[in-house]
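This note's numbering numbers the first residue of the sequence shown as 3 and each following residue consecutively. The structure under discussion appears below in the form of structure tokens.
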Amino acid sequence: MTVTELAPHQPHAEGELRSVSIAVAVLDCFADAVELGPTQVGRRMGIAKSTASRMLSALAVGGMLERTPAGRYRLSMRLFHYGQLAVDRLPLRGVARPVLLELHESLRELVQLGIPVGGHVLYVDRVGGAPSTARLSGEVVRRVPGYSSSAGRVMAAFDPSIARATAGVERRKHTPFTVTDGARLTQVLRQGRQAGWVASREEYELGYSSIAAPVLVGVPGAAPRVVGAISVVGPSANVVGQRREFVAASVCRAARRVGTALTGLRED
């Protein structure tokens with residue numbers, strides 16, 4: 003088939019692509035909201051309520067959203083299923099799992115594996131945790147702002163594109179200790195890059211602190227690429243108290259092991 007034969011269909015194809023883009027943008031609205039109606043979605047996207055209503059209805063028919071009795075919408079279990087498939091199939095998760103288990107055995111605190119997602123951190127695996135962190139470890143997958151988490155900060159410290167995405171997230175104080183000042187955060191990232199790890203001291207939840215190190219994968223002819231971060235979370239006294247240097251060194255070793263293993267897979 004020639005380009006000329008394809009030409010008459012291009013406007014239709016472009017329209018379909020725009021519809022797909024809008025549908026994805028609609029789904030993105032639910033990243034930080036449990037339920038939304040057409041008015042709220044339209045306002046967030048800057049589109050007419052009628053357009054938002056049609057897109058929401060179409061996504062519900064397609065099984066991506068569920069319509070509540072009140073006429074609002076929420077993400078469907080079908081999407082959750084797809085998300086779990088994506089997480090389960092991550093090479094990073096499979097390679098990191100035994101290392102996370104060993105790190106937990108050594109520190110007896112909650113160990114997490116996070117990946118960067120648009121200025122946020124998506125935790126795709128968790129191991130163990132002390133009784134004091136049982137509530138945290140019970141949440142299998144959790145998305146948090148990068149600016150207030152050690153994992154998000156350390157990935158931003160080693161990757162300018164992640165740093166830009168993190169800077170674009172609206173910053174608010176989760177606790178009195180959350181750093182929201184841009185200049186101060188830039189300093190934290192600079193220090194983290196020099197040290198190789200970053201700490202977050204009760205900036206997301208009171209009583210809990212964390213230390214994270216980046217998982218770096220070697221790229222031929224270029225700087226190593228950030229693919230994720232390993233973090234340890236626990237009561238502040240256990241993580242950033244007298245054991246801080248030991249915890250940081252342990253996390254850095256674990257992250258290097260995972261990065262080395264992933265680099266080997268790429269070379270194979």
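Ideal Cβ positions, reconstructed from N, Cα and C, are used throughout, including at glycine. Note that the structure is a prediction, hence the values are computed from the model and not measured.
Self-check item: 8 Å Cβ shell around Arg-203 - same chain, five flanking residues per side excluded
Solution: Once the five neighbours on either side are set aside, the close Cβ partners of Arg-203 are Phe-179, Ser-211, Ser-238 and Val-242.
Practice problem: Measure the CB-CB distance between Leu-112 and Gly-236 and report whether it falls below 8 Å. | Solution: Their beta carbons are under 8 Å apart, which means Leu-112 touches Gly-236 by this criterion.
Quiz prompt | Alpha carbon of Gly-64 to alpha carbon of Ala-72, nearest angstrom | solution = C-alpha separation (whole angstroms): 20 Å.
Quiz prompt | Same chain, Cβ closer than 8 Å to Ala-165, neighbours up to 5 away in sequence not counted | solution = Excluding sequence positions up to five before and after Ala-165, its CB lies within less than 8 Å of the CB of Ala-158, Ala-159 and Leu-191, all in the same chain and listed in chain order.
Quiz item: Start and end of the beta strand (DSSP E) containing Gln-244?
Solution: Looking at the DSSP string, Gln-244 is not in any beta strand (DSSP E), and its letter there is neither H nor E.
Practice problem: Could you check if Arg-74 is buried or exposed, using at least 16 other CB atoms within 10 Å of its CB as the buried criterion? | Solution: Using a 10 angstroms sphere on the CB of Arg-74, the tally of other CB atoms reaches 16 or more, which defines it as buried.
Quiz item: Just to confirm, are Ala-214 and Val-200 a CB contact at a threshold of 8 Å?
Solution: A contact, by the Cβ cut-off of 8 Å.
Exercise. Indicate whether the contact test is met: 3 or more Cβ pairs, each with one atom in the stretch 113-123 and one in the stretch 144-163, closer than 8 Å.
Key: Touching, yes.
Practice problem: Please report how far the alpha carbon of Val-156 lies from the alpha carbon of Ala-231, in whole angstroms. | Solution: For Val-156 and Ala-231, the distance between alpha carbons rounds to 7 Å.
Quiz item: When we look at the beta-carbon of Val-123 and count the other beta-carbons within 10 Å, is it buried (16 or more) or exposed?
Solution: Buried, since its Cβ has 16 or more Cβ neighbours within 10 Å.
Quiz item: Since Val-43 contacts Arg-76 with CB under 8 Å, what's their CB separation in whole angstroms?
Solution: The pair is not a contact, with the Cβ atoms about 12 Å apart (cut-off 8 Å).
Quiz item: Out of curiosity, what's the CA-to-CA distance linking Ser-163 and Thr-182?
Solution: Spanning the two alpha carbons is a distance of roughly 19 Å.
Quiz prompt | Other residues of its chain near Ala-62: CB distance less than 7 Å, five sequence neighbours each side excluded | solution = For Ala-62, the CB contacts under 7 Å within the same chain, skipping 5 residues up- and downstream, are Glu-68, Arg-69 and Tyr-75 in chain order.
Exercise. State the start and end residues of the unbroken beta strand (DSSP E) segment that holds Arg-52.
Key: Sequence inspection shows Ser at residue 52; the Arg mentioned does not correspond to that position. Counting along the chain, Ser-52 sits inside no beta strand (DSSP E); it lies in the alpha helix (DSSP H) bounded by residues 51-63.
Self-check item: Nearest-angstrom beta carbon gap, Pro-93 and Leu-267 [assumed within contact, 8 Å]
Solution: Between Pro-93 and Leu-267 the Cβ distance is about 7 Å, and since that is below 8 Å, they are a contact.
Quiz item: Does the distance from the C-beta atom of Ala-224 to that of Val-97 stay below 8 Å?
Solution: No, the pair does not count as a contact, with Cβ atoms beyond the cut-off.
Quiz item: Of all the options Ala-27, Tyr-206 and Ala-185, which has the alpha carbon lying nearest to the alpha carbon of Thr-177?
Solution: The residue among Ala-27, Tyr-206 and Ala-185 with its C-alpha nearest the C-alpha of Thr-177 is Tyr-206.
Quiz prompt | Proximal residues to Thr-265 (C-beta, below 6 Å), its chain only, five neighbours per side dropped | solution = Taken in chain order, the residues that qualify are Val-219 and Gly-220.
Quiz prompt | Assigned secondary structure, Pro-237 (DSSP; H/G/I helix, E/B strand, else coil) | solution = In this structure, Pro-237 counts as strand in the three-state DSSP scheme.
Quiz item: What is the DSSP secondary structure of Gly-121, reduced to helix, strand or coil?
Solution: Coil.
Quiz prompt | Buried/exposed call for Ala-54, threshold 16 Cβ in 10 Å | solution = Using a 10 angstroms sphere on the CB of Ala-54, the tally of other CB atoms reaches 16 or more, which defines it as buried.
Practice problem: Apply the 10 Å Cβ neighbour rule to Arg-128 and answer buried if 16 or more other Cβ atoms are within range, or exposed otherwise. | Solution: By the Cβ-count criterion, Arg-128 is buried, with 16 or more other Cβ atoms from all chains shown falling within 10 Å of its own Cβ.
Practice problem: Assign Ser-52 to one of two classes, buried (16 or more other C-beta atoms within 10 Å of its C-beta) or exposed (fewer than that). | Solution: So Ser-52 ends up on the exposed side.
Self-check item: Assigned secondary structure, Glu-104 (DSSP; H/G/I helix, E/B strand, else coil)
Solution: Look at Glu-104 here: in three-state DSSP terms it is helix.
Practice problem: List the residues that DSSP assigns as beta-bridge partners of Ala-153. | Solution: According to DSSP, which records beta bridges pairwise, Ala-153 is partnered with nothing at all.
Quiz prompt | Closest by C-alpha distance to Arg-144, when choosing among Ile-49, His-106 and Gln-86 | solution = Considering only alpha carbons, the answer is Gln-86.
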